[in-house]
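What follows is a single structure, written as structure tokens, with notes after it.
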Amino acid sequence: MVVSIITVKLHAPWVHSLKEKRAIVKSLMGRLSNKFNVSVIESDAQDVHQTIIISFAFLAANQGLADSMDETICDFIEANTDAEVLGFQSERR
Numbered sequence: 000m001v002v003s004i005i006t007v008k009l010h011a012p013w014v015h016s017l018k019e020k021r022a023i024v025k026s027l028m029g030r031l032s033n034k035f036n037v038s039v040i041e042s043d044a045q046d047v048h049q050t051i052i053i054s055f056a057f058l059a060a061n062q063g064l065a066d067s068m069d070e071t072i073c074d075f076i077e078a079n080t081d082a083e084v085l086g087f088q089s090e091r092r
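When we follow numbering that gives the first Met the number 0, the leftmost residue of the sequence shown carries the number 0, and every step to the right adds one.
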């Protein structure tokens, strides 16, 4: 078993309130959770309007499956948000 934890940092320059940010984060987290059956949290910068940092975790049977899921989920995030992706950080255990 492989545990994969991915942290994604996004920048949304048009967001001017925490309420706007919360709507974007909640929508993205819900879509990730429903489509890929992963655990998702907003892991940092909760009080910063234009910065979104979310982390998601999942179990995979082997390293190859974990790599494939990582790539698929990262592609999904890039395709389904207007925010600029600043980076992905991956951790395996």
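We treat Cβ as the ideally placed atom computed from N, Cα and C, and that holds for glycine. Computed from a predicted model, the values in this text were never measured in an experiment.
Check whether the Cβ atoms of residue i and residue j sit closer than 8 angstroms, and answer yes or no.
i      : j      : result
Ala-56 : Val-2  : yes
Asp-43 : Ile-52 : yes
Ala-11 : Lys-20 : yes
Phe-87 : Ile-5  : yes
Val-14 : Gln-62 : no
Using 10 angstroms around the beta-carbon of residue i, count the other beta-carbons present and answer buried if the total reaches 16, otherwise exposed.
i      : result
Ala-22 : exposed
Met-68 : buried
Ile-76 : buried
Ile-40 : exposed
Leu-31 : buried
Leu-9  : buried
Mind checking who residue i pairs with in its DSSP beta bridge?
i     : result
Val-2 : Leu-58
So which of the options has the shortest CA-CA distance to residue i?
i      : options                          : result
Ser-79 : Gln-62, His-48 and Val-24        : Here the sequence assigns Asn to residue 79, which means Ser is not the residue at that position. Minimum Cα distance to Asn-79 is reached at Val-24.
Phe-35 : Leu-85, His-15 and Asp-74        : Asp-74
Val-7  : Gly-63, Met-0, Leu-27 and Ala-65 : Leu-27
Asp-66 : Leu-85, Asp-81 and Glu-90        : Glu-90
Asn-33 : Ser-16, Ile-72, Met-0 and Leu-64 : Ile-72
### Query
Fully enclosed by the region 41 to 89, which beta strand (DSSP E) runs are 3 residues long or longer?
Complete beta strand (DSSP E) runs here, min 3: 50 to 59.
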